[in-house]
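What follows is a short report on a single structure.
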Amino acid sequence: MIVSIRGRVADIGENAIVLDVQGIGYELNVTSAVLKNLPPLGQELHLHTYLQVREDAMVLYGFSSWEERSLFHKIIGVAGIGPKTGLGILSGISPEDFIKAVQRQQLNTLTQLPGIGKKTGERILLELKDKFKGITWDDHDEEPPVVPGSIFDDAVQALIALGYTTAESERMVNLSKPHLDENYDLQELLKVALGNNNRQRGEGAWKQNV
4 MIVSIRGRVA DIGENAIVLD VQGIGYELNV TSAVLKNLPP LGQELHLHTY
54 LQVREDAMVL YGFSSWEERS LFHKIIGVAG IGPKTGLGIL SGISPEDFIK
104 AVQRQQLNTL TQLPGIGKKT GERILLELKD KFKGITWDDH DEEPPVVPGS
154 IFDDAVQALI ALGYTTAESE RMVNLSKPHL DENYDLQELL KVALGNNNRQ
204 RGEGAWKQNV
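Shown next, in the form of structure tokens:
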């Protein structure tokens with residue numbers, strides 16, 4: 004089993020990269036976390052990996068950390084979920100938000116992920132609910148839940164329709180609350196939430212270039 008690989012970044016695709024390891028090119032299907040933090044072409048990269056052996060091919064998957072790889076291994080251990088779907092899950096939600104969703108039995112969060120319908124989401128919650136019992140979170144870091152039927156819930160649903168995940172939408176809405184005028188409406192709430200999110204992305208990109 005190949006559990007890690009180190010090489011120069013030779014090519015970058017939409018969901019995969021090629022690492023040159025002493026003249027041999029290895030194609031790896033990777034998570035969004037890997038793609039977001041790639042070094043320039045020709046620079047060295049170390050990834051944790053999982054090798055899928057099929058009758059017709061051997062497929063290599065790459066992860067940004069050992070924790071991400073371990074979570075992937077748990078996810079594909081759920082009946083009916085293969086490596087491709089597992090990779091899609093980890094590309095659509097952070098490991099922390101996924102674990103919280105399982106702990107809190109948040110089916111709606113899982114069904115927003117690619118390839119996850121209601122039955123598959125229910126199976127994930129059932130089969131993984133005991134896997135994360137020992138993991139706790141700092142209460143001070145918890146965001147307050149969005150009340151169903153409120154204007155904030157309407158904003159979350161609107162952001163989900165725009166392509167954001169449930170976790171991302173709830174975070175954006177919660178972070179917008181301190182910046183709202185006294186007589187705000189749904190349009191203003193969405194404007195502030197999207198503006199704050201775009202600004203944070205811009206600041207993150209600026210810091211990476213400093």
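Here the sequence shown stands for residues 4 to 213, numbered as in our numbering. Quick reminder that beta carbons are idealized off the backbone N, C-alpha and C, glycines included.
Under the three-state DSSP convention, the category residue i falls into
| i | result |
| --- | --- |
| residue 216 | Past the edges of the chain, shown from 4 to 213, lies residue 216, and the structure says nothing about it. |
| residue 19 | strand |
| residue 105 | helix |
| residue 99 | helix |
| residue 10 | strand |
| residue 82 | coil |
| residue 44 | coil |
| residue 5 | coil |
| residue 190 | helix |
| residue 110 | helix |
| residue 91 | helix |
| residue 197 | helix |
| residue 50 | strand |
| residue 24 | strand |
Beta carbon of residue i nearer than 8 Å to that of residue j
| i | j | result |
| --- | --- | --- |
| residue 113 | residue 91 | no |
| residue 158 | residue 193 | yes |
| residue 175 | residue 189 | no |
| residue 74 | residue 43 | no |
| residue 63 | residue 30 | yes |
| residue 9 | residue 49 | yes |
| residue 139 | residue 83 | no |
| residue 178 | residue 199 | yes |
| residue 132 | residue 105 | yes |
| residue 191 | residue 183 | yes |
For residue i, the first and last residue of its enclosing alpha helix (DSSP H)
| i | result |
| --- | --- |
| residue 31 | Counting along the chain, residue 31 falls outside any alpha helix (DSSP H), though it belongs to the beta strand (DSSP E) covering 27 to 33. |
| residue 74 | 69 to 78 |
Distance cut-off 7 Å: residue i Cβ against heavy atoms of the ligand SAM
| i | result |
| --- | --- |
| residue 181 | Ligands are entirely absent from the displayed structure, and the ligand SAM is therefore not among its contents. |
Whole-Å CB distance - residue i paired with residue j, under 8 Å assumed
| i | j | result |
| --- | --- | --- |
| residue 93 | residue 34 | 5 Å |
| residue 19 | residue 32 | 5 Å |
| residue 70 | residue 36 | The Cβ separation is near 11 Å, so there is no contact. |
| residue 96 | residue 89 | Going by Cβ atoms, the distance from residue 96 to residue 89 rounds to 12 Å, so no, they are not a contact pair. |
| residue 134 | residue 77 | 6 Å |
| residue 14 | residue 21 | 4 Å |
| residue 125 | residue 81 | That belief does not hold up - the Cβ atoms of residue 125 and residue 81 are roughly 11 Å apart, past 8 Å. |
| residue 108 | residue 128 | 5 Å |
C-beta neighbour in chain E for residue i, strict 8 Å
| i | result |
| --- | --- |
| residue 59 | Reference to chain E is not applicable here, since this structure consists of a single protein chain. |
**Item:** Length at least 4, wholly inside the stretch 112 to 188: the alpha helix (DSSP H) runs in chain order
**Value:** 121 to 131, 154 to 164, 169 to 179
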